[in-house]
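Asks: The structure follows.
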Amino acid sequence: MSTSHKLHSFASTTDAAIPTQLNDPFLVQDKQHPLVSIAVAQLQQHLKTQTEWQHNFGLQREDTTLKPIGKMFGVLVVQTADKELGYLAAFSGKLASQNHHSYFVPPVFDSLSEDTFLNKGMRALKVINEEIKQLELAGCKATHQLMLLKEKRKAHSQGLQSQLFDAYKFSNAAGELRTPKDLFTTPPAGAGECAAPKLLQYAYQHDLMPLAIAEFWWGAPPSSAITTRTHGAYYPACEDKCRGVLGWMLG
1 MSTSHKLHSF
11 ASTTDAAIPT
21 QLNDPFLVQD
31 KQHPLVSIAV
41 AQLQQHLKTQ
51 TEWQHNFGLQ
61 REDTTLKPIG
71 KMFGVLVVQT
81 ADKELGYLAA
91 FSGKLASQNH
101 HSYFVPPVFD
111 SLSEDTFLNK
121 GMRALKVINE
131 EIKQLELAGC
141 KATHQLMLLK
151 EKRKAHSQGL
161 QSQLFDAYKF
171 SNAAGELRTP
181 KDLFTTPPAG
191 AGECAAPKLL
201 QYAYQHDLMP
211 LAIAEFWWGA
221 PPSSAITTRT
231 HGAYYPACED
241 KCRGVLGWML
251 G
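Numbering follows the working numbering, with no gaps: position 71 of the sequence shown is 71.
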């Protein structure tokens with residue numbers, strides 16, 4: 001197949017009709033489309049057998065080398081311009097402390113790239129933090145110099161966050177772009193890092209028609225008492241970070 005090495009073929013076939021329009025990512029289907037089920041099964045098999053990276057999902061009790069962290073994954077069934085079917089895969093946030101893995105679509109913006117403004121800005125922030133630490137260790141906790149440094153740190157952090165929001169440019173099907181600042185009154189941290197925006201962004205950039213989407217949790221549940229997750233279960237796209245983004249991308 002393929003217009004892209006991120007586009008995966010289906011290992012098995014189904015007689016089910018091809019979806020005529022994308023399902024609502026904020027609703028979990030009572031029964032997933034057969035193509036979604038096949039894609040999810042293939043992705044889960046990949047997670048069980050791959051040797052490219054290490055991530056402790058908390059599924060093996062004897063694995064104590066890394067802190068157990070479950071992860072949300074997503075699949076997007078797509079159709080090429082030649083009417084071939086396939087699927088894309090994505091993970092939420094980072095996986096094994098990285099943004100890029102061969103099986104998965106890339107991030108909307110690569111915050112880990114060494115030459116980005118973000119990494120340069122974080123290095124500058126580290127210098128400011130060290131200067132503050134040295135002054136505090138010297139007992140200068142109420143000096144004018146310390147106050148100026150803390151104000152500088154705050155302004156620097158806010159500037160970095162603003163630049164970061166500008167760096168995330170989400171496409172819709174027409175190729176029009178919007179940033180989190182355009183889509184939210186107050187953009188939430190991490191907007192665009194979830195699986196669904198990554199999948200749609202890649203599909204639009206490579207002329208792939210989205211047909212069906214689903215997300216599932218893989219691994220141990222989060223430690224937060226607020227959020228509950230079950231290994232292997234399907235979940236809707238998150239409201240706080242994705243509603244504004246996906247509303248634009250699918251509008």
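For every residue, glycine included, the Cβ atom is placed at its ideal position computed from N, Cα and C.
All of these numbers come straight from a predicted model, not from anything done at the bench.
Pull up the distance between the alpha-carbon of Tyr168 and that of Ala155, whole angstroms please.
Replies: Those two C-alpha atoms are separated by around 21 Å.
Asks: Please return the same chain residues whose Cβ sits closer than 8 Å to the Cβ of Tyr204, not counting the five positions on each side in sequence.
Replies: Taken in chain order, the residues that qualify are Ser171, Asn172, Ala173, Gly175, Met249.
Asks: DSSP three-state label for Gln54, please.
Replies: Coil.
Asks: Tell me, to the nearest whole angstrom, how far the beta carbon of Pro210 is from that of Val78; I am working on the premise that it is less than 8 Å.
Replies: Rounded, the Cβ-Cβ distance is 6 Å, consistent with contact.
Asks: Within 10 angstroms of its Cβ, does Ser92 collect 16 or more other Cβ (buried), or is it exposed?
Replies: Buried, because 16 or more other Cβ atoms sit within 10 Å of the Cβ of Ser92.
Asks: Which residues bound the alpha helix (DSSP H) around Ile261?
Replies: Limits of the chain in this structure are 1 at one end and 251 at the other, which puts residue 261 out of reach.
Asks: Going by the beta-carbon positions, is the gap between Ala17 and Tyr87 smaller than 9 Å?
Replies: The answer is no: Cβ separation not under 9 Å.
Asks: Per DSSP, which one or two residues make a beta bridge with Tyr255?
Replies: Shown here, the chain extends from 1 to 251; a query on residue 255 therefore has no answer.
Asks: Go ahead and label Trp218 buried or exposed: buried means 16 or more other beta carbons lie within 10 angstroms of its beta carbon, across all protein chains shown.
Replies: Burial call: buried.
Asks: Let's test the definition: count the other Cβ atoms within 10 Å of the Cβ of Gly139 and tell me whether it reaches 16, buried, or not, exposed.
Replies: With fewer than 16 other Cβ atoms within 10 Å, it is exposed.
Asks: Can you give me the start and stop residues for the beta strand (DSSP E) that Gln29 sits inside?
Replies: Where Gln29 is concerned, there is no enclosing beta strand (DSSP E), given that its DSSP letter is neither H nor E.
Asks: Could you tell me the distance, in whole angstroms, from the CA atom of Ser9 to the CA atom of Gln42?
Replies: Taking the straight line from one Cα to the other gives about 10 Å.
Asks: Could you give the first and the last residue of the continuous alpha helix (DSSP H) run that contains Val245?
Replies: Unbroken alpha helix (DSSP H) run through Val245: 239–250.
Asks: Cα separation between Arg123 and Leu160?
Replies: Using only the alpha carbons, I get a separation of about 11 Å.
Asks: Would you call the region 240–249 and the region 184–199 in contact, with 3 or more CB pairs under 8 Å?
Replies: A contact exists between the region 240–249 and the region 184–199.
Asks: Threshold first: 4 residues or longer. Then list the alpha helix (DSSP H) segments lying entirely within the region 145–198, N to C.
Replies: Entirely contained in the region 145–198, the alpha helix (DSSP H) runs reaching 4 residues are, in chain order, 180–183.
Asks: Rounded to whole angstroms, what's the CA-CA distance from Lys48 to Thr143? Just pull it up for me.
Replies: Between Lys48 and Thr143, the C-alpha separation is close to 56 Å.
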